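Student: Before I ask anything, here is the structure I am working with.
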Amino acid sequence: MGNPSFASVAWRRPKLRLPLEPSFAPSSRVWRSPPRCLSRASGRMSADMLYLDTSFVAPLVLNEEVSPLVESYLAKQAAGSLAVSHWTRVEFACLVAQGVKAQHFSTQTAASVLAEFEALVQESFQVWLPSAADYDLARTLLGHFEPGLREGGALHLAIAKNQGADKILTLDDGLLKAAKSLKIPASRGIR
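Just so you know, we're using my numbering here: the sequence shown kicks off at 63 and counts up by one.
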């Protein structure tokens with residue numbers, strides 16, 4: 063998973079459709095209100111089923127340098143073509159909890175960030191439930207001993223492969239390299 067910036071930066075107010083016009087609030091927040099209904103965006107680039115790992119979804123809610131690029135890319139995708147998993151939800155909660163532990167977020171801010179994330183997930187993505195077969199495949203993938211592939215990334219790859227995703231979008235270089243080595247279609251999408 064990529065490392066989000068927890069520096070104090072501006073956040074964007076939610077809009078109904080992407081791309082968002084800049085609408086900045088005071089620069090006292092490290093989180094951003096995500097855009098709504100990504101999958102209903104007017105521009106369509108592809109009908110491929112895309113699975114997004116946590117590193118690709120986090121910039122929609124947390125301020126990161128790549129946030130506008132991720133928003134713009136996802137706005138061009140066809141309705142119903144974006145998926146995450148329940149594992150993505152767990153990893154994002156862990157990311158926010160780490161921000162609280164490092165005192166980058168207050169617990170109140172963290173709760174707001176998680177609520178925004180959950181709303182975005184429910185409104186914009188198919189949510190896939192990991193199965194026993196996904197855990198088995200993740201274990202098998204880890205048995206290839208690919209450098210940079212960790213347990214969370216292996217589970218993302220397994221879920222996407224077993225669910226028939228056409229491509230995995232990730233900003234995690236280790237996961238991307240492992241996916242290519244294992245011949246699982248993956249891309250940064252934005253660069």
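From the three backbone atoms N, C-alpha and C, an ideal C-beta is built for every residue, glycine too. If you're wondering where the values come from, they're calculated on a predicted model, not measured in any experiment.
Could you name the residues of the same chain whose beta carbon sits closer than 8 Å to that of Asp-228, not counting the 5 residues immediately before and after it, in chain order?
Tutor: Asp-110, Met-111, Leu-112, Pro-247
Student: Taking just the CA atoms, how far does Arg-250 sit from Asp-234?
Tutor: 8 Å
Student: According to the neighbour-count rule (16 or more other Cβ atoms, all chains shown, within 10 Å of its Cβ), is Asp-198 buried or exposed?
Tutor: That one is exposed.
Student: What is the rounded straight-line gap between the Cα of Trp-149 and the Cα of Ala-200?
Tutor: 13 Å
Student: In chain order, what residues of the same chain have a beta carbon less than 6 Å from the beta carbon of Glu-208, not counting five sequence neighbours either side?
Tutor: Ala-240, Ser-243
Student: Any chance the segment 152 to 170 sits against the segment 126 to 144, with 3 or more Cβ pairs inside 8 Å?
Tutor: no
Student: Measure the C-alpha to C-alpha separation of Phe-167 and Val-152 and round it to an integer number of angstroms.
Tutor: If you take the alpha carbons of Phe-167 and Val-152, they lie about 18 Å apart.
Student: Would you mind working out which of Leu-211, Val-175, Thr-232, Asn-224 sits nearest Trp-190, comparing C-alpha positions?
Tutor: Asn-224
Student: Closer than 7 Å by C-beta to Val-183: which residues in its own chain qualify, once you throw out the five before and the five after it? Chain order, please.
Tutor: Closer than 7 Å at Cβ, skipping near neighbours: Val-146, Arg-151, Val-189.
Student: In chain order, which continuous runs of the alpha helix (DSSP H) of length 4 or greater are located wholly inside the segment 166 to 248?
Tutor: The segment 166 to 248 contains these whole alpha helix (DSSP H) runs: 169 to 186, 194 to 204, 213 to 225, 235 to 243.
Student: Exposed or buried, what is Thr-202 when buried is set at 16 or more other beta-carbons lying within 10 Å of its beta-carbon?
Tutor: exposed
Student: Between which two residues does the beta strand (DSSP E) holding Ala-155 run?
Tutor: Counting along the chain, Ala-155 falls outside any beta strand (DSSP E), though it belongs to the alpha helix (DSSP H) covering 148 to 163.
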